[in-house]
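Since the structure comes first, as structure tokens, the remarks are kept for the end.
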Amino acid sequence: MKIIDLTHNISETMPVYPGTEGPKLEVANTYEKHGFKETLLTMFSHTGTHMDAPAHLFAHRPTLDTFPAEQFVGKALVIDCSDLQEGERITMKYIEGIKEKANQAEFILFYTGWDSRWGTNAYFGGYPYITEEVAEYLINSRKKGVGLDVIGIDPISDENLTIHRKLFAETDIVIIENLTGLGEIGNELFTFCALPIKYDNSDGAPIRAIAILQE
0 MKIIDLTHNI SETMPVYPGT EGPKLEVANT YEKHGFKETL LTMFSHTGTH
50 MDAPAHLFAH RPTLDTFPAE QFVGKALVID CSDLQEGERI TMKYIEGIKE
100 KANQAEFILF YTGWDSRWGT NAYFGGYPYI TEEVAEYLIN SRKKGVGLDV
150 IGIDPISDEN LTIHRKLFAE TDIVIIENLT GLGEIGNELF TFCALPIKYD
200 NSDGAPIRAI AILQE
């Protein structure tokens with residue numbers, strides 16, 4: 000068995016969505032004064048590698064804490080879209096070529112290679128994002144979740160969050176953003192785990208995402 004970590008570290012210097020305050024990691028207790036170390040974490044619920052719940056946009060839709068744990072684990076497939084250039088979109092052609100595997104997967108993860116820009120201004124540029132046709136496929140095939148190695152499933156310019164709204168309006172799919180390391184997995188089905196912090200009325204939460212590969 001091989002485990003691949005798909006999660007960015009949370010730090011005070013990490014990229015955050017424009018307009019969002021970055022996280023704070025304050026040492027609250029020290030070895031010298033208290034005999035142990037403890038850190039006070041202050042951050043928004045959609046910080047770093049994180050998961051969006053349908054309740055992120057719709058008040059009447061489910062929050063992450065109401066989902067059973069099995070929602071966050073399942074069979075996944077990475078789809079390689081790393082040939083896309085800035086401003087280009089992830090279309091159905093990337094799914095059509097591997098439709099049989101894609102249909103078997105519970106999670107579809109799109110590898111764009113954009114995680115290599117993490118920590119630079121280029122990370123906020125014209126990253127690839129999925130079309131509404133791809134969103135329709137995810138809805139109709141009843142996926143548990145969709146993930147990308149970019150900062151959003153919609154372009155930053157789309158203040159209406161069109162793709163988010165389309166996915167969340169009627170389905171209980173989750174959206175995972177800011178993944179990393181998807182290029183290490185290959186093109187076979189594998190077990191994906193993306194476990195969010197469990198807190199009341201969770202509209203979204205940081206996750207520890209991993210891939211489990213059978214060797």
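Going by numbering that gives the first Met the number 0, 79 is the number at position 80 of the sequence shown; the sequence numbering is gapless.
In this text, a Cβ means the ideal position worked out from N, Cα and C, and glycines have one as well.
{"Asked": "Let me make sure I understand the geometry here. Which of Ala134, Ser81 and Leu212 has the alpha-carbon closest to that of Glu169?", "Found": "Ala134"}
{"Asked": "Alpha carbon to alpha carbon, what distance is there between Ile150 and Pro17?", "Found": "10 Å"}
{"Asked": "Assuming Leu166 is part of the beta strand (DSSP E), what are its boundary residues?", "Found": "Leu166 -> not in any beta strand (DSSP E); alpha helix (DSSP H) instead, spanning Thr161 to Phe167."}
{"Asked": "Which residues in the same chain as Ile78 place their Cβ atom closer than 6 Å to its Cβ, once the five residues preceding and following it in sequence are excluded?", "Found": "Tyr93 and Phe109"}
{"Asked": "For Lys197, I'd like the list of residues in its chain whose CB is within less than 6 Å of its CB, leaving aside the five on either flank, ordered along the chain.", "Found": "Asp64"}
{"Asked": "Okay, do the segment 176 to 185 and the segment 0 to 7 touch, 3+ Cβ pairs below 8 Å being the bar?", "Found": "yes"}
{"Asked": "Return the first residue and the last residue of the alpha helix (DSSP H) that Glu31 is part of.", "Found": "Tyr30 to His33"}
{"Asked": "Would you mind stating whether Thr190 and Ile211 have Cβ atoms separated by less than 8 Å?", "Found": "yes"}
{"Asked": "Between the segment 51 to 68 and the segment 122 to 136, do at least 3 Cβ pairs fall closer than 8 Å?", "Found": "no"}
{"Asked": "Check this for me: beta carbons of Thr46 and Val26, under 8 Å apart or not?", "Found": "no"}
{"Asked": "Checking 8 Å against the spacing of the C-beta atoms, do Asp86 and Gly125 come in under that value?", "Found": "It should be pointed out that residue 86 corresponds to Gly in this sequence rather than to Asp. Contact flag set, yes."}
{"Asked": "Roughly how far, in whole angstroms, is the beta-carbon of Lys23 from the beta-carbon of Thr29, given that I think they are within contact range, below 8 Å?", "Found": "About 17 Å separates the two Cβ atoms, so there is no contact after all."}
{"Asked": "Per DSSP, which residues does Val26 bridge with? Please list them.", "Found": "Thr38"}
{"Asked": "According to the Cβ coordinates, are Ile152 and Phe123 closer than 8 Å?", "Found": "no"}
{"Asked": "In or out: Gln103 buried (at least 16 other Cβ within 10 Å) or exposed?", "Found": "exposed"}
{"Asked": "Could you pull the start and end residues of the beta strand (DSSP E) that Glu176 belongs to?", "Found": "Val173 to Glu176"}
{"Asked": "Please name the residue or residues paired with Val145 in a DSSP beta bridge.", "Found": "Ile107 and Ile174"}
{"Asked": "Could you please give the first and the last residue of the uninterrupted beta strand (DSSP E) stretch that includes Val133?", "Found": "Here Val133 belongs to no beta strand (DSSP E); instead the alpha helix (DSSP H) covers Glu131 to Asn139."}
{"Asked": "With DSSP as the reference, label Asp114 as helix, strand or coil.", "Found": "helix"}
{"Asked": "State the Cα-Cα distance for the pair Ala68 and Leu194, rounded to the nearest angstrom.", "Found": "8 Å"}
{"Asked": "Leaving aside the five residues before and after Leu56 along the sequence, list all residues of the same chain whose C-beta is less than 7 Å from its C-beta, in chain order.", "Found": "Leu160, His163, Arg164 and Phe167"}
{"Asked": "From Phe106, Thr179 and Gly34, pick the residue whose C-alpha is nearest to that of Leu76; which is it?", "Found": "Phe106"}
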